[in-house]
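Protein chains: 2
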Amino acid sequence: MGVIRKTKAVEVLLKEFNTNSVAISAKALIEQLGDTFNKTTIYRVLDKLEDDGILHSFLGKEGLKWYAKCNGCTSTEHNDVHPHFQCLSCGRVDCLTFTVPLPKIPNRKIEVTQLLIQGKCEECFV
Amino acid sequence: MGVIRKTKAVEVLLKEFNTNSVAISAKALIEQLGDTFNKTTIYRVLDKLEDDGILHSFLGKEGLKWYAKCNGCTSTEHNDVHPHFQCLSCGRVDCLTFTVPLPKIPNRKIEVTQLLIQGKCEECFV
DNA sequence: AATATAACGCAACCTTGTTGCATTAACAAA
DNA sequence: TTTGTTAATGCAACAAGGTTGCGTTATATT
C-alpha cells in the first residue's frame, strides 16, 4: 500500500488539494479533469491517496464522496475525524478544526463518527 | 401534501416501521418487499411519509438512504435532528436520543446537522 | 537500453434512485 | 352500490455515481 509511482494524475490531483484548502468531491474532480484523465483513473488515485493517509474522505449531501487533505494521518490509521461543513448556498465544503465531544454510550463501542454540518458559509452568510 | 389514501403499500410500510424500532434502508425494504410492491412505489411512499412528518431520512454508510419513525414532526418541519448509530458488525442502524451540543461557528449559520456514529451495537459488543 | 509491473484508458457494467405514462384502485358523492 | 374523480401503482426506460476486466502505456529499477 503506497503511492509508488509519481504519475501525471497523482501530481495533478495532489496539486488540486494543495492549492485549494477546501474539500473537493470526486464528481467535481471528474468534471474538472475528466478531459485530461479518465474517471476510472481519478477514482483509483483518490482511493490510493486515501489508503496512504494523504487524503481522507467523507460523504456530503446526497451521498457524494468528498475528499480533503489529511493532517497527520498514516496509511494505517486515519485519525483526523473532524466535522465537515457544507454550504447550502454555494455548495462549498470544508473541514472544521474543532472536535465534538460525544457522550459515552453504554455497551456500545464508537469507532467512527461522521458529522456533517450544513448551513451558510462565511461568504454566503449575510 | 398528505397521505390521502390508505393503500396496501402505505399500510405494509408503516407496519414495518412500527414493529421494528430501528431504522430501515430503502434498499432493505425493496429487497424485502420488492416482490409485493414495485420499487418505484416503495420509494414514492417513503418520500411521502417523510413529507408528512411520519418518517425522517438520513444517509448511512456508503450513501444509502435510511428511514426511521419521527417523533413529533409535522409536515412543515422535521425537528428531531438526532444522531444515528450504525453497527459495523451487523449493519443495524438506530436513532440515538441525545442531542449533541455544537460550538457556535462565527459567521456561519447552521441549518442542519447529520451525525452518524459507527461502531459496535449492544448486541455485537462483547 | 531492457524489463517488470504499476498505472492507465476504454468499454461495459453495477447499484441506487428517478421519470413518464398508461393502468388500477381508493374514496367520496350520488 | 354504482359511478366518477384522481391519487397511487407498475412497468420500462433512464440517470448518475461509481466499479471491474482487460489490453496497453509508462514509470522506475537493473
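Protein sequence lines correspond, in order, to chains H and S. Take the first sequence: its position 5, counted from the start at 1, is 25 in the working numbering, and no numbers get skipped. Take the second sequence: its position 16, counted from the start at 1, is 36 in the working numbering, and no numbers get skipped. Just so it is clear, CB atoms sit at the ideal spot from N, CA and C, and this is done for glycine as well.
* Identify, in the order they occur along the chain, each residue of the same chain with its Cβ nearer than 7 Å to the Cβ of S/LYS85, setting aside the five sequence neighbours on each side. => As a working mapping, residue 85 of chain S is identified with position 65 in the second sequence. Counting only Cβ-Cβ distances below 7 Å, and skipping sequence neighbours, we find SER45, ALA46, SER77, LEU79.
* Decide if the stretch 123 to 141 of chain H is in contact with the stretch 135 to 142 of chain S; the criterion is three or more beta carbon pairs, one per stretch, under 8 Å apart. => yes
* Asked: Who are the near neighbours of S/ALA29 in its chain, counting only those whose CB is closer than 6 Å to its CB and skipping five residues on each side?
  -> Translated into positions along the second sequence, residue 29 of chain S becomes position 9. Excluding positions up to five away in sequence, the list reads PHE57, THR61, VAL65.
* How is the beta strand (DSSP E) around H/PHE105 delimited, first residue to last? -> Taking the first residue of the first sequence as position 1, residue 105 of chain H is located at position 85. Unbroken beta strand (DSSP E) run through H/PHE105: 104 to 107.
* **Between the CA atoms of S/HIS102 and S/ASN91 - distance to the nearest angstrom** => As a working mapping, residue 91 of chain S is identified with position 71 in the second sequence. As a working mapping, residue 102 of chain S is identified with position 82 in the second sequence. Going from the Cα of S/ASN91 to the Cα of S/HIS102 covers about 11 Å.
* Spatial distance of S/LEU135 from H/LEU135 (CA atoms) -> In the second sequence, the residue the question calls residue 135 of chain S occupies position 115. In the first sequence, the residue the question calls residue 135 of chain H occupies position 115. In a straight line, the C-alpha of S/LEU135 is about 4 Å away from that of H/LEU135.
* Exposed unless 16 or more other CB atoms sit within 10 angstroms - verdict on S/ILE130 -> Numbered from its first residue, the second sequence carries residue 130 of chain S at position 110. Exposed, since its Cβ has fewer than 16 Cβ neighbours within 10 Å.
* CA nearest to the CA of H/GLY106, picked from H/THR119, H/GLU82, H/VAL120, H/LYS89 -> For the purposes of this step, residue 106 of chain H is identified with residue 86 of the first sequence, where counting begins at 1. Note on identity: in this sequence residue 106 of chain H is Gln, with Gly being the wrong assignment. Looking at the Cα atoms, H/GLU82 is the closest of the given residues.
* Asked: Taking 8 Å as the CB-CB cut-off, is S/VAL65 touching chain H?
  -> One-based indexing of the second sequence puts residue 65 of chain S at position 45. Answer no: the Cβ-Cβ gap between S/VAL65 and chain H never drops below 8 Å.
* Asked: What is the rounded straight-line gap between the Cα of S/ALA43 and the Cα of H/LYS26?
  -> Working through the second sequence from its first residue, we reach residue 43 of chain S at position 23. Working through the first sequence from its first residue, we reach residue 26 of chain H at position 6. When only Cα atoms are considered, S/ALA43 and H/LYS26 end up about 44 Å apart.
* Under 9 Å from the C-beta of H/GLU131: neighbouring residues of chain S -> Reading the first sequence from its first residue, position 111 is the one you call residue 131 of chain H. Below the 9 Å Cβ cutoff, chain S contributes LEU108, ILE137, GLN138, GLY139, LYS140 as neighbours of H/GLU131, in chain order.
* For S/LYS35, is the classification buried or exposed, using 16 other Cβ atoms within 10 angstroms of its Cβ as the cut-off for buried? -> What you label residue 35 of chain S is simply residue 15 of the second sequence in a count that begins at 1. The residue in question, S/LYS35, is exposed, as its Cβ has fewer than 16 Cβ neighbours within 10 Å.
* To do: Find the nearest neighbour of S/VAL132 within the set H/TYR87, H/CYS115, H/PRO121, H/HIS104, judged by alpha-carbon distance.
  => Within the second sequence, the letter at position 112 stands for residue 132 of chain S. The option with the nearest alpha carbon to S/VAL132 is H/HIS104.
* Sequence-distant residues of the same chain with beta carbon closer than 7 Å to S/LEU53, five excluded per side -> Residue numbering aside, residue 53 of chain S sits at position 33 when the second sequence is read from its first letter. VAL32, ILE62.
* **Counted within 10 angstroms of its Cβ, other Cβ atoms place H/ILE74 as buried (16 or more) or exposed** => The residue you call residue 74 of chain H lines up with position 54 of the first sequence. If you draw a 10 Å sphere on the C-beta of H/ILE74, you find 16 or more other C-beta atoms in it, and that means buried.
* Can you find a CB in chain H that lies within less than 8 Å of the CB of S/LEU33? -> Position 13 of the second sequence, counted from the start, is the residue given in the question as residue 33 of chain S. No, S/LEU33 does not count as interfacial toward chain H.
* Along the stretch 107 to 128 of chain H, what residues have a CB closer than 9 Å to any CB found in chain S? -> CYS107, LEU108, LEU116, PHE118, VAL120, PRO121, LEU122, PRO123, ILE125, PRO126, ASN127, ARG128
* Tell me whether the beta-carbon of S/CYS144 lies closer than 8 Å to the beta-carbon of S/CYS115. => Reading the second sequence from its first residue, position 124 is the one you call residue 144 of chain S. Reading the second sequence from its first residue, position 95 is the one you call residue 115 of chain S. No, these two residues do not count as a Cβ contact at 8 Å.
* To do: Inspect the beta-carbon positions of H/VAL120 and S/VAL146 and report whether they are closer than 8 Å.
  => As a position in the first sequence, residue 120 of chain H is number 100, starting the count at 1. As a position in the second sequence, residue 146 of chain S is number 126, starting the count at 1. Taking 8 Å as the Cβ cut-off, H/VAL120 and S/VAL146 do not qualify as a contacting pair.
* Asked: Along chain H, in chain order, which residues have C-beta atoms closer than 8 Å to that of S/GLN52?
  -> The residue given as residue 52 of chain S occupies position 32 in the second sequence. By Cβ distance, chain H contributes nothing, its closest Cβ being about 21 Å from S/GLN52, past 8 Å.
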